[in-house]
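Down below is the structure, laid out as structure tokens.
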Ligand code: SF4
């Protein structure tokens, strides 16, 4: 383990780029959100392209469940806005009469609905009046014009926040959609420290008692929730800034921030965390044998880049050449940047051709990027890791720390084996 650098990277210069970007749109996040929210339905107001994206993403990555669909905007809708609104109302009525189990309906905007400026906020208000209180209708945008792929979750959670009732008592809110098994581990660790009551956003069901108010403190589990952070702050809640819970050190620092807020003693903290910390350290050390001394280059994609670069450089001995992120919210990722040794270039936004040139010049041992860039870079002899896998795989907290390191070490090991075979 490296010592904490004295100055860190919090104030490192940031290369801001505003060119073409190669990232999935926010509709992608429906794939994991619909699994989390058991009585929700996501109705994408979009084109056949949007329907295909969802179907192919769902088909590849999950067993599709009937909790999302697409209200297709036909070409005629583009000419007649009134028709589009009527058609949407009819579609929603048909859906809700067929599916009384739906308690939250999300109208999800897309590029076509952005282009024709169909007002989904008004539609959500109108439909809530019509179908409430049994069903709450909320809108957010997953359009590729407005969002990158993890921003879909941020937009969804930020849209839920104003609809939450006011909380009058002190509570901890965990914010971010985690796989159930990972969420349970976090709740177990916090519960054993005596921290509570704890609520989670997004909740599994509309009736779960999630509320927010001035006595709410919240801890983010995902670094891409900037709009949700702002929405919760507007409701009077207070953010607990911390490194994100990736790896042994990130998890310990995240838990420590929450424990300090709730007055947990050092002894109790040690008692609860010692065993899983040790397991996590040993699991990471195994993968670090492959990663140590290797260089890594992040293209901007999921907004997980900075916390992951912190994990790879501090816990796995890697050198970060460039850490690109679609957005850099210092309120969120500042604590991770503080823990990083100076050296990497931080870039925000993307000008994909310029960034490809920098990656080719650096020839890193591992390039973390989107699906669209991975194949061409592999063809040029660079080893890549698909960033999207990091969002679909359980990677948070102690018990997943080894798997997280393994996601990065596997492609490098595979490449080394191929080289050996070629040499024989
Ligand atoms: S929202 Fe835009 S980018 Fe996303 S699938 Fe639909 S048309 Fe494509």
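Residue numbers (full-length UniProt numbering): 1 to 424.
All C-beta atoms in this analysis are idealised placements derived from N, C-alpha and C, irrespective of residue type, glycine included.
- For residue 139, the beta-bridge partners assigned by DSSP are 107.
- In the DSSP secondary-structure assignment, residue 69 is bridged to 43.
- Here the distance from the Cβ of residue 290 to the nearest heavy atom of the ligand SF4 is not below 7 angstroms.
- The Cβ-Cβ distance between residue 200 and residue 396 does not fall below 8 angstroms.
- Within 10 angstroms of the beta-carbon of residue 275 lie fewer than 16 other beta-carbons, which makes it exposed.
- In the three-state scheme derived from DSSP, where H, G and I count as helix and E and B as strand, residue 113 is classed as helix.
- A Cβ-Cβ contact shorter than 8 angstroms links residue 23 with residue 326.
- Straight through space, the alpha carbons of residue 370 and residue 34 are spaced by roughly 22 angstroms.
- DSSP places residue 175 within a strand segment (E or B) once states are collapsed to three.
- Residue pairing from DSSP places residue 384 in a beta bridge opposite 367.
- Per DSSP, residue 12 has no beta-bridge partner at all.
- Beta-carbon to beta-carbon, residue 389 and residue 377 are separated by about 16 angstroms, too far to satisfy the 8 angstroms threshold.
- According to DSSP, residue pairing for residue 349 in a beta bridge involves 17.
- Boundaries of the beta strand (DSSP E) harbouring residue 325: 319 to 325, taken from the DSSP string.
- Taking a cut-off of 8 angstroms for Cβ pairs, the region 41 to 58 and the region 161 to 180 do not touch, as fewer than three such pairs fall below it.
- By the CB criterion at 8 angstroms, residue 342 and residue 12 fall inside the cutoff.
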